[in-house]
Structures are given as C-alpha cells and as structure tokens.
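Each residue of the sequence shown is one higher than the one before, counting from 46 in the numbering used here. Here a beta-carbon is modelled for each residue, glycine too, at the ideal position from N, C-alpha and C. Predicted model, so just to flag it, every value in this text is computed and none were measured. Take a look at the structure below.
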Amino acid sequence: MRNISEIADSVRRGERISTDDALTLWREAPLWLLGELATERKRRASGDKVFYNRNVHLEPSNICLFNCEFCSFRRREGDADAWYMSLDEVEARARELQGSDITEVHIVGGVHPKHTLDTYCEMIRRVKRALPHVAIKAYTAVEIFYMIRLAGVTVVEGLRKLVEAGMEAIPGGGAEIFDAELRSKICPEKCSAEEWLAVHRAAHNMGLSTNCTMLYGHIETLEQRVDHLDRLRKLQDEAPGFDAFIPLKYRSRNNRMSDIGECSVEEDMRMMAMSRIFLDNIPHIKAYWVAYGRPTTEMALAFGADDIDGTIEDTTKIYSMAGADSAPRMSVAELEALVRDAGFTPVERDTHYNEVKRGQNTEPKVTKQLTPQPTPQPKSAPKPTPAPKQEPKEELKIETKTEPKAEPKPTAKKPSLEQQIKEEMKQKEMTKRDSHAIKSGDISRKVAKENKTKDASKRDAIFGFVTRHPFTANVVMMGVLALALIIALYIGLLSGTRHGKVIAVPDFRGMNIIDARHIADVTDLNIIVRDSIFDVDLPGGTVVDQLPRTSDVRDVTVKPGRKVYLTINAYSRRMVDVPYVAKQTLRQALNQLEREGLTVQKIIYESDLTSTDYVLRQLVDGREVHPESKFKVAVGTGVTLHVSYRSEEQNTTVPRLVGLSFAQAKSAVWDNGLNIGKVVYDESVEDIVMRRKAKVYSQSLRQSSSVSRGSELSLYLTCDEELLETKRCEAETEAKRIEEERRKAEEAALEAMADAME
Ligand code: V47
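Structure below.
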C-alpha cells in the first residue's frame, strides 16, 4: 500500500492511480492536496479553459414506470402534477426555440409507459426538423435500454435507429451507482450496471460520444464510489467515447430518501477532485451548476472541473423538484463571469467540445426569452396536456416484447377513410328517410292526430283514478319517488367511487417487471416493488411474487388504482458475508448456508474415527474459511464442505426423490451424504421460471440402493403432470417391491439362523 505522498508524487508525474490509492487519497489526503493534484491534472487536460454551452433541456414527461428511491421528479400517470407533452407539443416547443442561439437540446424524461422506440425516434426527428442546426443529446442509457428491449431489437440496431432519427450524443444519466447491492436498494427496477455500460459501449463503438455520471452523497460507501469510477475508467480504456464525467450530488427534497439529508460542500470538493484524479482517460469533468448552485460550482473549478454545463433557460425540473434552486437559468455573461471569478478562461463549446466562435454582433444572440418547461402547477408557464387517462380494460392481452399501440391520442381526431365513407353513407340514408317522410307527410299527420287523441284519453283515465282512489295513488307515487331516489344514489355512487368496477389481478409472476408495469398500467393497477431477491437461475427483473395473488384456483378482483406489491429478482447479485459453518453437523451447516443465500458446491467425505456427517472445514472460491474470516461473495455462490464419516458408515442409502422439487431433492441428496450430478429439465420446462415448478421424475441412482458417500446423483425434472403421475406410481411400486424383498431377506436370514441353532 502506498502512502499519501507516494501517491501524490505519482499523480504529479501523470501516472494512473489504483483503486487502493484512490481510497487512501479519498480518506486521508487533506483537501488542499486534492485541490492541487486535481488542478494539476485539469491543467494538463484543458489548460486554463472552462467550458460552457448554450443549451436547453426538454423534459417531455415526468411520468415514469420506474420508482427510484432518490427521485423527486417521477410521477405516476394520472397524478395531479404529472405532465405529458404529445409529439405535436414537443415539436411546437422546439419551434419556439427557432431563432435562439442554442447549440444543444438535451432530451430526457421518465421511462414513459406508452413510449416506444418509434415514439422516441419520431420525437428526435421532429425536434431536429424544427432545429436542424442544433445537436440533440437524448435519452439516458436506462431509457434507451428499456425502449430497445421493448422493441425486441439489438442495442446496436436500436441505437442506429436513434442516430438515423438525428440523435448525436447520449447524456450520462441513469448510472446512479453501479454497485449491485446498493443499486438493488435505491433503484431496483432500473437496468443493471452491466446493461448501462453495454449501451454506452455499443454507442462508443459506433462513434457516438456520450457522458457518464455518478449519483453520490446518499448511502453509498467510498469503496462503492471507487468501484463506480473504476468501471467507467475501464470502459473508457476498452471503448473510448466518454466526453465528460458528471458527479451528481444527491439532493434530498421530496423523495423517499429525504431523511438522509445531503453531503457537505467539502465532500463535494473531494468528489470532484477524486473524479479528475482517478478518471485520467475522460477529458472533461463537469460541475453541473444546476445541481450545485453557483458558489459551489465556482469552487469546483479549483478542484478539477473544466465544464459547468450551460445556459439551461429554466428548462429542467429534475433538480428544482429535489430542492436545488428553482428556475435554473444563467445568461452567457453570468456563466462567463463565474468562470473568470474562479481565475479561468470561459470558452463556449458545442456538444462535442468544439470551441464555438461567434461574430462580434452575434453576442448576445438570444432573440427572445425562452419559455420554461411545463411545471406541475405553472402560473405563467404553458399548461401541460394532462396525461392520457386509461380506461380499465376488461380483458387482458399480454404481448411481451411487442410495441404498445396506445400512442397518446390527439383530442380532435381526424376520421379514418373508412369512418368518412360510413359517415357519408349515414348522411345519404338520412336524406333518403327525410324525403320519404315528406312524401308520406299526410299519413304522418294522421298518425300524429290519432296519437294525440290516445294521449288525451290516457290522461283523463289517470286523473279519474287519482280522484277516485287518492290514498292508493299517493302510495304509488311515493313508491315511484323512492325508487327514483335509490337509482339516482346508485348511479352517483358508481360514478363517484367507481363502485362496481373491479379488475381481475393478473398473475405477474414470471413476467419481467417492465412487462408487468405495462399490464398494470393498462388495467389501472398500481405496482409497487416491495422487495427483491436474487436467484442466479432467473433473469434480473423477473417478478417472483406478488400480493394480492391470483392463483391457479382463485381469481382475485380489486378496485381500479389498487396497489399490487411485487417481489422481483434483482438485476445484479447481492453480496453476502460467508458464514463459518464448520465444527457442526452437516444439517446445521446446510441450514446456515441457506439462510445466507449460499449453496453447496460439493461435499467431500473424509474418513474419521469418531463421527459421521460432521463438517470438518469449508472452502469458498478455493479459499479456506476460518472463524475470523471476513469476506463477501455473491448470493448463490457454492461452498465446498469437507465432511466426516466413520469407516463402517462409508456407504449410504439413496433416497427416493421422484415427485420432489429441485430444492427439496437437493436437500435430500445432501442429507444422505450424496452430491448433485447433472440436472436435466425435459422439454415441458419451457423457461427458467417453470424450473421452479418442475418436479423430479427420474434419478440416476436407484432408490434405496447402497452407494458410497459422496457419490453423484443426477436429477431429471419435468412439468408434465401425466409423466410425473406415472413415474410416481412406478417409484411407489418399486419401493413396495424393495420393501418386500428386504422383508423376505430378513425372514430368510432369521430362518437360517434358527436352522443353524437347531
Ligand atoms: O440519472 C435524480 C439524477 C440524473 C436526483 O450528460 C438526482 O451532460 C440528485 O443525468 N438528486 C439525470 N440527482 C440528470 C443527468 C444529467 C444532468 C446534466 C447533464 C448531463 C449530461 C446529465 O439526475 C439521474 C439521476 O442520477 N437525479 N434525482 C436527486 N434527487
């Protein structure tokens, strides 16, 4: 381990530092030293320049399928302060910007339930059509991964479509924190770190430039920060393409993590400096002024930052909703003054960090005050279109990986050709009827006269009845009134509380969370991800449990808007402490491993004088575990156990496993001193989720036979109920036969003994 001064000298020589060095610096270096080292590196990268640009953000909607703990921006469809801009409104907004001198539009919003890859491409096309000379930096890797997955195309194909539509760069959002365990706590529904990195890797390989970020200052550890930076640095080595890294300070207002507060400004400076020092292959480090505020941004320039983002023009709500300054807007003069006050030279750049040279008379060229983006309760801002309301559908058609057809509909819909023809025919039909009525006018008049006479005689009859039987008439009238009142109340209740409207809760289990959210959205249910587990055999995001739950035998119905709580399989493996399980019985050790989410890789039997099934020692990844050992492994990791046996108990009896689930069979195999060999699923087990339901129909070692301890036993599993029933019967008959044989053998032995005694 190097000490601080060794590391500092190495940084001054322009060398790369290791993750251990980074931790040492972060923990131990005084702030002034970090400032000095980071500034040294910044000057090597960009001299005394500090970059800014003229940009706006476009946040078409804050409706998001995902519900991250730290997010203050996200709303559910139907929430009072949710906003949504149709494609026409996005285009109109882009047209408003014509004539301004911005060079970049940064488009980002929630992962909208109804947006598809095509919607996103069309959005870019329309913005580009309105602003052909402006670069479009659009959609975080999280949004991109989602839309590409939904479209069922490869990442490269999806990115190609976006590029063809006019996307020029990808912003750095959605990275949050890469550590799997923490990611599963703060944003379990987002794509995994690997998927986020895969999108950026593919983009870089296609020649697209992108940014990267890290959300810090919440519950992450220094190790997790360094790990995050390390993964970015590795990707940049492997496939260069990151223009800038943006450390994003967690802002704590109005979200579910608010109680943890915010980190100090000193922490911000250490973060900034360490980013510059560690990320020696990413050219720019951005102090995003919207997140920090002006004084902290200025200070960040003395800790390695060489970019402060742009004019913004009050077009982003992500930070103001989380407690940063509201109405973020800085003029070019203000941005430049901030940079100069910090002792640097302001340089206007474009999206790709080319310096923008403007003629004298183009400064300032903003010809009109730009209108801010829609706000939840705007006074002067343009009124956002309310999010399209969903009518609960009676029947569900689940089509995974198909693009939802529900494009937000404009209010005044142009009738289709078919509708127009139908409308025309209806008109003609009406005209025909009218002319017929005119021709048959006499008859109509005659019929009308007859009806009038009939009505008058009915009226006379009623009045006659009322005068003759006043009491009965009153009772009847009160009855009619009461009935009318009941009907009115019932209708009122129906429309007011949506009484009577019930939804059959779909069985979400086995679906991916993204598909589940789609279905919940269409059926007007509210999905809450309450818990996550990690099962190595299941893909990340698979729903493994739900409440309330529709089962094979019972449908659950609920009212619209009702919450359905889901447990999903986490996208990334949780790390757990390896427990010390030696010096106890095999069963106790198995229980303890199971509790920690670990499994058995192999049981190795060793002859012993005194005991059988006693755990002598344990190994993980080739390392022996001792009582004082402290190391973590991923959930699901296999542990090798060395277990004792007395020589007279070298053999063991093979258990009957037919009809058991894999988990039950595994347990029985280990309990009987055997190891798991091959595990084979037949063709009835169509996917990984069905594996949990599959049962053993055959085993490689014959039940009740005697084999040596530690032997391997292979399992064959199926979901075919008929096959299982047949095999169960066969196993039962076999068991009876074996029992009968044993009994007979015992009897024979007794007889032989008796004979011998005679
Ligand atoms: O991914 C959300 C973050 C990001 C909070 O690429 C929060 O040039 C703090 O990525 N407190 C979106 N941060 C913004 C973003 C960005 C911004 C500016 C420039 C660029 C660029 C990218 O905002 C999200 C998330 O990490 N975020 N909520 C919050 N409460």
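- Burial of Ala220 is indicated by the presence of at least 16 other C-beta atoms within 10 angstroms of its C-beta.
- Shown here, Arg736 sits in a helix according to DSSP, grouped into three states.
- Per DSSP, Val724 lies in no alpha helix (DSSP H) segment; the continuous beta strand (DSSP E) that holds it begins and ends at Asn720 to Tyr726.
- DSSP places Met251 in no beta strand (DSSP E); its state is neither H nor E.
- Counting other Cβ atoms within 10 Å of its Cβ, Ser145 reaches 16 or more and is therefore classed as buried.
- Just so you know, the alpha carbons of Asn557 and Thr587 end up roughly 4 Å apart.
- Taken through DSSP and simplified to helix, strand or coil, Asn636 comes out as helix.
- Following the DSSP letters along the chain, one finds Ser117 in no beta strand (DSSP E), marked with neither H nor E.
- Ranked by Cα distance from His687, the options Leu702, Gly667 and Lys677 are led by Gly667.
- Here Asn299 is exposed. Its C-beta has fewer than 16 other C-beta atoms within 10 Å.
- Collapsing the DSSP output to three states places Asp359 in coil.
- If you check the CB distance, Lys230 and Ile291 do not come in under 7 Å.
- If you draw a straight line from the Cα of Met212 to the Cα of Arg89, it is about 31 Å long.
- For Phe115, same chain residues with a beta-carbon under 7 Å away, outside a window of 5 residues either side, are Ile231, Leu260, His263, Tyr295, Asn300 and Met302 in chain order.
- Taking 7 Å as the cut-off, the Cβ atoms of Val244 and Ala186 count as close.
- Looking at the DSSP output, Pro292 shares a beta bridge with Met259.
- Between Leu758 and Leu719, the gap from beta carbon to beta carbon is short of 7 Å.
- Boundaries of the alpha helix (DSSP H) around Lys173: Leu162 to Ala175.
- In the DSSP assignment, Met212 falls within the beta strand (DSSP E) that extends over Met212 to Ile215.
- For Val665, no alpha helix (DSSP H) encloses it; the enclosing beta strand (DSSP E) starts and ends at Val660 to Val665.
- Following the DSSP letters along the chain, one finds Glu85 in no beta strand (DSSP E) but inside the alpha helix (DSSP H) bounded by residues Leu76 to Ser91.
- Note that the C-beta distance between Gly80 and Phe348 is below 7 Å.
- For Met798, the number of other beta carbons within 10 angstroms of its own is below 16, and it is reported as exposed.
- Around the CB of Gln744, 16 or more other CB atoms lie within 10 Å, so the residue is classed as buried.
- Lys230 sits in a helix when the DSSP states are folded into three classes.
- Relative to the ligand V47, Ala367 has its C-beta within less than 6 Å of a heavy atom.
- The Cβ-Cβ distance between Val95 and Pro391 falls below 7 Å.
- For Arg140, the enclosing alpha helix (DSSP H) begins and ends at Leu132 to Glu141.
- Thr148 is the residue among Phe190, Arg61, Glu167 and Thr148 whose C-alpha sits nearest the C-alpha of Leu176.
- Residue nearest to Lys740 within the set Ser756, Arg701, Thr360 and Arg754 is Arg701 (criterion: CA-CA distance).
- In the three-state reduction of the DSSP assignment, Val198 falls in the coil class, being assigned neither a helical nor a strand state.
- For Thr258, the CB falls within less than 6 Å of some heavy atom of the ligand V47.
- For Asp54, the enclosing alpha helix (DSSP H) starts and ends at Ile49 to Arg57.
- Not one heavy atom of the ligand V47 is found less than 6 Å from the C-beta of Cys109.
- When DSSP states are grouped into helix, strand and coil, Asp590 belongs to the strand group.
- Using a Cβ-Cβ distance cut-off of 8 Å, the segment 304-311 and the segment 251-260 are not in contact, since fewer than three pairs of beta carbons, one from each stretch, lie closer than that value.
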